[in-house]
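Below is one structure, written out as structure tokens; the observations come after it.
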DNA sequence: GAAATTATTTTCGATATTCGAAAGTTCAGG
DNA sequence: CCTGAACTTTCGAATATCGAAAATAATTTC
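Residue numbers (our numbering), protein chains in the order written: chain A, 349 to 601; chain B, 349 to 601.
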């Protein structure tokens, strides 16, 4: 009888399951023994999975853990209700302090998707309602995520045409790369009239345990009213919120 | 340049990501268009994924959703901290009401692994501390999960030898099958001195959106003290807790 | 209800990947 | 330095995958 589990795909998945089930990192030999594979085969399978970022190996060590792409996949499947319970209180805290709209965005393909939004009572119309796909080069929460992706991702993103939403939208490779560098240095991304006219927003990356950035948290408001707000305070509170959310959304790598 | 994403494994994963990112089920054509695949290729990839239970197709319809094996894999990558934020409040509620230990268990291989436990202050020694592997035939939270697995899983489980932990442990196929049927009818599983002597516990399956049961929630106490507690009340509160947890741990199918 | 359109499934030879076995490296302890 | 375990590479044979095209099924249109 030919078990469907000895097809190539099935073997890859069994390796993933083995690693995922382990509390701690597994070594090549662990995996080979567990699945009854010879070392050479296990090595090839693992390499394939690492190439796809489905497994990661803590640099320096020889043990493997679940990779960022698998974590992203998990988050992508989680229901919005799952996020709401975790993230809503944090967003509410931001709303209470600044009186502007706060939202949580998640990397989804080539966009940052808004997955949760909280507004002050009597808010303007929503610019970041859940489901909206925010461009990675022209939204604060998008830029905050893009700035912390690896070079291969950034290069791929920049290799494709980008839409210009307003006359202030940055579309040149160099402009965008410079801004990403600044975001990495500063910790916070700004989008001033680059996506929606008259709208100003701040975004902060959310780092989960492994250090990967899949989410960002942002505050958005009408530029005229929001601009005077003290920037250092916004930055500090966003950083706190991001740290809190990172813990709540986090994984043990 | 040969992108690692056009290797066979990468294409399978991209299909999974596409389906996972969609809020609703995707049809073959949707997937093919999204990924720029020709229909025949998409069909073969999808079929391979369905064979592995990584994708599922709602019976009758032609649209694909994430399958039970993918859900199990992704959940397995979540660690205790990830659960804590979601499930701790629910367990705390049970502890507050009954004054006994509550825990969340997850199907892991041929055992139900306790992944989170909450105890009343001044508790007895812990019988379900996180990490403990609870047998599927001799623990309330294990039986609650086993009762809702498909026939192939149950048959495979019963085809292998089972340990007898106490003289009350049920090990005969027929006894176990009868009890599983009763659990399906009743909704709640009981383990009375079958695993740890002097310990009584109740378990309730947790259904996530697709209907798959990967988790259960349970209450455990010393039999002498716990037995007098009103059973219907326990059952009702466990059902509520399970519904709540199912929402929080759930996926968009 | 027949024709046209769109969606799904199957077939095909060529190509690329995977397979297990065995040999070759690297690394850590004694 | 030697030894053994863990890790990595190599190899021809077996197998899965590839894109293109054709066949079937389901839906829509007229």
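Backbone N, C-alpha and C define an ideal beta-carbon position, used for all residues, glycine too.
Any Cβ of chain B within less than 8 angstroms of the Cβ of residue i?
i	result
residue 613 (chain A)	Residue coverage of chain A in this structure runs from 349 to 601, which leaves residue 613 (chain A) outside it and unanswerable.
residue 576 (chain A)	no
residue 493 (chain A)	no
residue 356 (chain A)	yes
residue 457 (chain A)	yes
residue 477 (chain A)	no
residue 425 (chain A)	yes
residue 349 (chain A)	With a pLDDT of 47 at residue 349 (chain A), under the threshold of 50, the predicted position of this residue should be treated as unreliable, though the coordinate-derived value follows. Residue 349 (chain A) does not count as touching chain B.
residue 361 (chain A)	yes
residue 520 (chain A)	no
residue 593 (chain A)	no
residue 434 (chain A)	yes
residue 587 (chain A)	no
residue 484 (chain A)	no
residue 418 (chain A)	yes
Could you check what DSSP says for residue i in three-state terms: helix, strand or coil?
i	result
residue 396 (chain A)	helix
residue 440 (chain B)	helix
residue 372 (chain B)	coil
residue 377 (chain B)	helix
residue 584 (chain A)	helix
residue 594 (chain B)	helix
residue 511 (chain A)	coil
residue 541 (chain B)	coil
residue 559 (chain B)	coil
residue 477 (chain A)	coil
residue 496 (chain A)	coil
residue 489 (chain B)	helix
residue 502 (chain A)	helix
residue 536 (chain B)	coil
residue 464 (chain B)	strand
residue 483 (chain B)	strand
residue 553 (chain B)	strand
residue 363 (chain B)	helix
Between residue i and residue j, what straight-line distance do the alpha-carbon atoms span, to the nearest angstrom?
i	j	result
residue 493 (chain B)	residue 443 (chain B)	21 angstroms
residue 594 (chain A)	residue 365 (chain A)	24 angstroms
residue 536 (chain B)	residue 514 (chain A)	59 angstroms
residue 577 (chain B)	residue 525 (chain B)	27 angstroms
residue 451 (chain A)	residue 410 (chain A)	39 angstroms
residue 465 (chain A)	residue 400 (chain B)	36 angstroms
residue 421 (chain B)	residue 480 (chain B)	19 angstroms
residue 582 (chain B)	residue 519 (chain B)	26 angstroms
residue 468 (chain A)	residue 592 (chain A)	21 angstroms
residue 356 (chain B)	residue 440 (chain A)	44 angstroms
residue 448 (chain A)	residue 370 (chain B)	29 angstroms
residue 435 (chain A)	residue 474 (chain B)	31 angstroms
residue 495 (chain A)	residue 512 (chain A)	19 angstroms
residue 446 (chain B)	residue 590 (chain B)	16 angstroms
residue 579 (chain A)	residue 567 (chain A)	12 angstroms
residue 472 (chain B)	residue 564 (chain B)	22 angstroms
Listing by chain order, which chain B residues have their CB less than 9 angstroms from the CB of residue i?
i	result
residue 560 (chain A)	What residue 560 (chain A) touches in chain B: nothing, since even the nearest Cβ is about 13 angstroms away.
Is the CB of residue i under 8 angstroms away from at least one CB in chain A?
i	result
residue 465 (chain B)	no
residue 453 (chain B)	no
residue 364 (chain B)	yes
In chain B, which residues lie with their C-beta within 7 angstroms of the C-beta of residue i?
i	result
residue 396 (chain A)	357
residue 515 (chain A)	Within chain B, no residue comes near residue 515 (chain A); the closest Cβ sits about 32 angstroms away, beyond 7 angstroms.
residue 543 (chain A)	Result: empty, since nearest Cβ-Cβ is about 21 angstroms, beyond 7 angstroms.
Residues of chain B with a CB under 8 angstroms from the CB of residue i: which are they?
i	result
residue 414 (chain A)	425
residue 369 (chain A)	424, 456 and 457
Given that residue i touches chain A, what residues does it touch there, using C-beta distances under 8 angstroms?
i	result
residue 527 (chain B)	Residues of chain A passing the Cβ test: none, with the nearest at roughly 27 angstroms.
Identify the contact partners of residue i in chain A, using a Cβ-Cβ distance below 9 angstroms as the criterion.
i	result
residue 400 (chain B)	352, 353, 355, 357, 358 and 361
Inset, instruction - Examine the Cβ distances between the segment 529 to 549 of chain B and the segment 485 to 502 of chain B and report whether three or more of them are shorter than 8 angstroms. - result: yes
Inset, instruction - Check whether the segment 371 to 379 of chain B touches the segment 388 to 399 of chain B, taking contact to mean three or more Cβ pairs, one atom from each stretch, closer than 8 angstroms. - result: yes
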